[in-house]
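Encoded as structure tokens, the structure appears first; notes follow it.
Numbering (full-length UniProt numbering), first residue to last: 1 to 167.
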């Protein structure tokens, strides 16, 4: 996201009521998809850090296994955001979690950053991580900062990735 896009986004921050509306629209959309796919799942809605969060959970974790792969969650999130945007006329920063996939991805990213730090400890001047979404890069930046490293994003579009260095 460019600086001007970030400023525009910040100036147009959604109210709590609008975020709750986004969550409701997203839940309706996702319920329809789950019904079509004949997948049982419960939806939980929340508003955190200026974003609507929608979680799809199930008592039987295997019921959501086909949907909880990170690429699938990302695709579902984008489709859901488009459905919300179509209904509200506003850009949505909604976050979707399926079967705890966000927590699992957080742990994967922490391990990825730890391995990159090991390369730095072994003498590398910097360590590049694979390309990932803006949300995942944000998480990587936060993890790197917690571990005393400097991180910066490079590249464009789908090739945008994070590089770590010692501070």
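We treat Cβ as the ideally placed atom computed from N, Cα and C, and that holds for glycine.
Shown here, residue 55 sits in a strand according to DSSP, grouped into three states. As for any alpha helix (DSSP H) of minimum length 4 sitting wholly inside the UniProt domain "R3H" (103-167), the runs are 134-146, ordered along the chain. In this structure, residue 113 sits away from residue 165, with a CB-CB distance that is not shorter than 8 Å.
Residue 46: member of the beta strand (DSSP E) spanning 42-48, first to last residue. Annotated three-state conformation of residue 67 is coil, per DSSP. Of the candidates 110, 43 and 85, 43 places its Cα closest to the Cα of residue 97.
Burial check for residue 82: the Cβ neighbour count within 10 Å stays below 16, so the residue is exposed. Here residue 26 is buried. Its C-beta has 16 or more other C-beta atoms within 10 Å.
Taking 8 Å as the cut-off, the beta carbon of residue 36 is found no closer than this to the beta carbon of residue 63. Under DSSP, no beta-bridge partner is assigned to residue 25. Under the 10 Å beta carbon count, residue 31 is surrounded by fewer than 16 other beta carbons and is classified as exposed. Out of 33, 41 and 52, the CA that lies nearest to the CA of residue 15 is found in 52. Put simply, the backbone Cα of residue 119 is about 43 Å away from that of residue 33.
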